[in-house]
Amino acid sequence: MKHCARRHSAGFSVVELSVALALAGVVGLVAWQMLPASRGVAEGDTPQLRLRQAQDAVEGFVLRTHRLPCPATVGGTGSEVCGSDSFGELPWRTLGLPRFDVPLRYGVYRTPTADLAMASAKYSPTLPPSPVLAPAAYNPSQVNGLDLCQSLRLATAAPAGLLAGGVPVAYAVADAGADRVFNLPYTATFPLPGTPSTPTFDDRIAATGLGELSARLSCVTRMGEAQAAARSAYAAFDIYRDADMFDRFRGFAYQVRISDRKLAEATVALASLDMLIAIGTTASAVSLAANSVGVGAGTVAAAVLGIGAASAALVVSSVQLASAVAAEAKAGKQAADATTVKARMLVARDAAVRNAAAVDTKGLLP
97 MKHCARRHSA GFSVVELSVA LALAGVVGLV AWQMLPASRG VAEGDTPQLR LRQAQDAVEG
157 FVLRTHRLPC PATVGGTGSE VCGSDSFGEL PWRTLGLPRF DVPLRYGVYR TPTADLAMAS
217 AKYSPTLPPS PVLAPAAYNP SQVNGLDLCQ SLRLATAAPA GLLAGGVPVA YAVADAGADR
277 VFNLPYTATF PLPGTPSTPT FDDRIAATGL GELSARLSCV TRMGEAQAAA RSAYAAFDIY
337 RDADMFDRFR GFAYQVRISD RKLAEATVAL ASLDMLIAIG TTASAVSLAA NSVGVGAGTV
397 AAAVLGIGAA SAALVVSSVQ LASAVAAEAK AGKQAADATT VKARMLVARD AAVRNAAAVD
457 TKGLLP
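Each position in the sequence shown, counted from 1, maps to that position plus 96 in our numbering.
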């Protein structure tokens with residue numbers, strides 16, 4: 097029994113050893129197959145690294161020039177040729193890249209509606225009229241990254257396919273793969289990125305979508321900032337116009353109060369004259385009553401009543417004058433306050449317009 101147990105134990109160890117050797121063989125085979133790829137990654141010469149380097153160079157070019165590079169002529173010098181072609185070689189010389197043994201192929205989105213390789217004025221916020229703008233050389237027709245963002249929006253609204261199956265992208269780049277020979281002409285479309293390799297196709301494709309490039313450039317944020325600044329400028333402009341209208345209204349009211357005060361002064365002067373006339377009439381009546389026959393107390397009483405009426409009119413006109421003077425002072429203060437507010441709103445208007453112009457001028461710069 098002991099002999100059988102030992103033989104059973106020895107047989108189980110052989111099975112375990114066989115399984116371990118088989119697993120080691122599989123791992124070794126996988127490692128051997130991955131060795132060339134890992135060596136290529138270490139040397140920085142794999143198709144994926146070349147494509148990544150190309151994409152970084154293209155997007156750096158975008159930030160500098162506010163457009164995508166034009167294709168270079170196949171077999172040419174590596175400099176972009178901005179004719180009407182959408183397909184060609186990646187312009188490695190224009191992008192400051194080294195020349196690879198097989199230059200990458202390149203395609204860029206170009207349509208009459210949205211030519212991403214042509215820097216042209218597509219966007220500028222409408223600003224209110226203002227005599228003060230900054231920067232001083234502000235030009236609504238200037239070209240910057242916001243115009244490229246607008247072109248991306250137009251392209252998204254009416255896309256044209258650059259990849260197989262009509263998939264629209266901003267640009268695409270192709271590497272010749274391990275055999276260093278392009279398996280397609282790349283004169284009309286590019287295969288989809290991630291297309292599996294076959295015995296007759298090992299090219300590698302990278303592409304950046306319209307929305308993806310827009311997101312990388314922060315187009316939504318920057319265009320939103322420009323639109324918000326323009327709206328703020330118009331709001332400040334409208335507030336200034338209201339302040340100007342209110343200032344003119346207060347100025348008119350002040351002039352009315354000045355006229356009221358002058359009229360009250362004239363009324364006081366007339367009441368004073370009436371008072372003098374009444375006093376003179378009373379004096380004459382008293383003198384006649386003393387020296388003439390037939391002039392009695394009635395005439396004197398009438399003259400005295402005239403003095404009373406004139407006195408009452410003088411008091412009323414004096415009160416009206418005092419009220420007119422107070423109203424004029426109040427209207428003058430209101431007019432002065434309205435002028436002050438108008439001046440502040442003018443400063444705010446010009447500041448808002450300057451800010452909107454500066455945001456538009458800045459474009460995609462930080």
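The beta-carbon is built from N, C-alpha and C at its ideal position, and this holds for glycine as well.
- When the five nearest sequence neighbours on each side are left out, no beta carbon in the same chain lies closer than 7 angstroms to the beta carbon of residue 208.
- Three or more Cβ pairs closer than 8 angstroms define a contact, and the stretch 305-322 falls short of that threshold against the stretch 280-292.
- For residue 184, the enclosing beta strand (DSSP E) stretches over residues 183-185.
- Measuring C-alpha to C-alpha distances from residue 371 to each of 348, 349 and 411 identifies 411 as the nearest.
- Closest in alpha carbon position to residue 379, among 368, 357 and 402, is 402.
- Three or more Cβ pairs closer than 8 angstroms define a contact, and the stretch 412-428 falls short of that threshold against the stretch 191-204.
- The Cβ atoms of residue 236 and residue 329 do not sit closer than 7 angstroms to each other.
- Judged by their CB atoms, residue 407 and residue 364 are not nearer to each other than the 7 angstroms cut-off.
- DSSP places residue 239 outside any beta strand (DSSP E), giving it a letter other than H or E.
- According to the DSSP assignment, residue 160 belongs to the alpha helix (DSSP H) that extends over 143-161.
- With respect to the 7 angstroms criterion, residue 425 and residue 349 are not classified as neighbours on the basis of their beta carbons.
- The alpha-carbon of residue 455 is positioned some 33 angstroms away from that of residue 269.
- Approximately 11 angstroms separates the beta-carbon atoms of residue 165 and residue 174; this is outside 8 angstroms, ruling out the contact.
- Nearest neighbour of residue 435 by Cα position, chosen from 217, 331, 238 and 337, turns out to be 337.
- Sixteen is the threshold: since fewer than 16 other Cβ atoms of the shown chains lie within 10 Å of the Cβ of residue 429, the residue is exposed.
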